[in-house]
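Enquirer: With our numbering applied, the sequence shown has no gaps in its numbers, which climb one by one up to 92 at the end.
Using N, Cα and C, we set each Cβ at its ideal position, and we do this for glycine too.
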Amino acid sequence: MRTGPPTTHVALTVPEVMTALRLSRSKVYDLIRTHQLPSFTVGRARRVSPDSLRTFIQEQIEENAA
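1) Would H35 and P76 be called neighbours here (beta carbons separated by less than 8 Å)?
2) Is the distance from the Cβ of R73 to the Cβ of A37 below 8 Å?
3) Quick check on V68: buried or exposed, where buried means 16 or more other Cβ atoms within 10 Å of its Cβ?
4) Near F66, which residues of its chain fall below 7 Å by C-beta distance, leaving aside the five closest residues on each side in sequence?
5) Going by the DSSP bridge assignment, what does R73 pair with across the sheet?
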C-alpha cells in the first residue's frame with residue numbers, strides 16, 4: 027500500500043495530502059490556512075506541490091528532533 031505522495035504528479039489534491047500525512051481534511055486545510063503548508067488554487071481546486079509537502083515534512087522532522 028502506498029502511503030507517500032504520488033511521485034508522478036506535479037500537484038497533489040487535498041485528499042492525496044490527507045493520505046500522505048494521515049491527517050483529516052480539516053487539519054490539512056488548517057495547515058494551508060496558517061501557511062505552514064504552501065498551496066495554490068486553479069479555479070476552485072486547491073493544490074499542493076510535492077516539493078511543498080516534502081519541505082513541510084522535513085521541517086516537522088527537524089522541529090521535533092530538537
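Expert: Walking through what the data contain:
1) Looking up residue 35 in the sequence shown gives position 9. Looking up residue 76 in the sequence shown gives position 50. P76 sits close to H35, with the two beta carbons spaced by under 8 Å.
2) Stepping through the sequence shown from its first residue, residue 73 is reached at position 47. Stepping through the sequence shown from its first residue, residue 37 is reached at position 11. Contact: yes.
3) Counting from 1 along the sequence shown, the entry for residue 68 is found at position 42. Here V68 is exposed. Its C-beta has fewer than 16 other C-beta atoms within 10 Å.
4) For the purposes of this step, residue 66 is taken as the residue at position 40 of the sequence shown. The residues are R73.
5) By one-based count along the sequence shown, residue 73 stands at place 47. Note: R73 sits in a beta bridge opposite F66.
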